[in-house]
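First the structure, in the form of structure tokens, and then the observations on it.
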Amino acid sequence: KTKVVWVDTAKRPWRILTSLLNFVAPGGSTSWDCIQVRESLSRVRETSRMIRIWSGGLKVSLNGDKHYISGMDDFVESKVELRSEWLRDGSWFRRLELEIKALETLALDLNKSITSYFRTQGVSKTKKAGLYSNLFWQQCEREFQRLVNACDDGVCELKQVENSFAEIALNLFDQACPKDSIRQLDAWAVARLPLSKKLQKYCNRKIN
Numbered sequence: 053k054t055k056v057v058w059v060d061t062a063k064r065p066w067r068i069l070t071s072l073l074n075f076v077a078p079g080g081s082t083s084w085d086c087i088q089v090r091e092s093l094s095r096v097r098e099t100s101r102m103i104r105i106w107s108g109g110l111k112v113s114l115n116g117d118k119h120y121i122s123g124m125d126d127f128v129e130s131k132v133e134l135r136s137e138w139l140r141d142g143s144w145f146r147r148l149e150l151e152i153k154a155l156e157t158l159a160l161d162l163n164k165s166i167t168s169y170f171r172t173q174g175v176s177k178t179k180k181a182g183l184y185s186n187l188f189w190q191q192c193e194r195e196f197q198r199l200v201n202a203c204d205d206g207v208c209e210l211k212q213v214e215n216s217f218a219e220i221a222l223n224l225f226d227q228a229c230p231k232d233s234i235r236q237l238d239a240w241a242v243a244r245l246p247l248s249k250k251l252q253k254y255c256n257r258k259i260n
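Heads up: the sequence shown is residues 53 to 260, going by our numbering.
If you want it as structure tokens, here you go:
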């Protein structure tokens, strides 16, 4: 039975690009399949040098059996350009898959560090961690096409993109966690050090 993937307006479609393309990698997951992308690419990747994929969705409200659009609902979309040759070689796909997983870990580390900062000051619950995690993904989206290209361009270019992502995470932590008072400065230093080490490890990890 065919099912649709529900839109998550907090997670834009570019973040699931590897799921849309999982048929490219040998032995890729088949938990769900974007038939439109698979069938379209099977026709055009042999004849077109560049391919553009657009993905979007509309969040709707539910009332009983009726779906409708309300003023609180939102729309998301993403587009990305690919070289058709990438879809014939599993190495590009595997590298992109690893990079997106690393970004997921980076976002989680940022969230934990901001939460730790406020917990050190006695604030057990804060919306800032979630807010700045969303900002992290918004800013990473601007660099995503660079990341897609860099997965084929070589280690040097890929490292430059990774450094940009790490800088985004560190800057957002500094924005979320003020250090105006001595107490704030102590909490900032305690929470920032582990994040800095994780970012350094992220930037220095070996790329296969």
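Note that beta-carbon positions come from the ideal geometry of N, C-alpha and C, so glycine has one too. Treat the numbers as computed from the prediction; the structure is a model and nothing was measured.
Just the Cα atoms here: how many angstroms apart are residue i and residue j?
| i | j | result |
| --- | --- | --- |
| E195 | K177 | 31 Å |
| F225 | S100 | 42 Å |
| I152 | Q88 | 23 Å |
| S233 | A181 | 20 Å |
| D85 | G108 | 16 Å |
| R171 | E98 | 55 Å |
| Q227 | A218 | 14 Å |
| K249 | W189 | 21 Å |
| C208 | G174 | 43 Å |
| L155 | D204 | 18 Å |
| L237 | L187 | 23 Å |
Using DSSP with H/G/I as helix, E/B as strand and the rest coil, what is residue i?
| i | result |
| --- | --- |
| L134 | strand |
| R90 | helix |
| F127 | strand |
| S168 | helix |
| S176 | coil |
| L155 | helix |
| N201 | helix |
| N74 | coil |
| D226 | helix |
| A218 | helix |
| D85 | coil |
| G182 | helix |
| K211 | helix |
| R146 | helix |
| R194 | coil |
| D161 | helix |
| R97 | coil |
| R67 | helix |
Measuring from the CB of residue i, is there a heavy atom of the ligand PLP at a distance below 7 Å?
| i | result |
| --- | --- |
| S94 | Absent from the structure shown: the ligand PLP. Ligands present: none. |
Name the residue from the options whose alpha carbon lies nearest to the alpha carbon of residue i.
| i | options | result |
| --- | --- | --- |
| V242 | S168, S92, L93 | S168 |
| R95 | S136, V175, D117 | S136 |
| S71 | L162, L187, F145, T157 | F145 |
| K231 | R244, I220, G116, S185 | R244 |
| S113 | A228, D60, E214 | D60 |
| D126 | Q212, L139, K63 | K63 |
| N201 | F75, L148, D117, E91 | L148 |
| L110 | N215, S122, N256 | S122 |
| A159 | M102, C208, E193, K258 | E193 |
| V132 | I166, I105, N215, G116 | I105 |
| K258 | P246, Q197, N223, G206 | G206 |
| K179 | C229, L199, S130, L247 | C229 |
The alpha helix (DSSP H) with residue i in it runs from where to where?
| i | result |
| --- | --- |
| L139 | No alpha helix (DSSP H) holds L139; DSSP gives it neither H nor E. |
| L110 | Where L110 is concerned, there is no enclosing alpha helix (DSSP H), although the beta strand (DSSP E) it sits in stretches over 102-110. |
| R244 | 234-256 |
Quick check on the DSSP output: the beta strand (DSSP E) that includes residue i runs from which residue to which?
| i | result |
| --- | --- |
| K118 | 118-120 |
| S113 | 113-115 |
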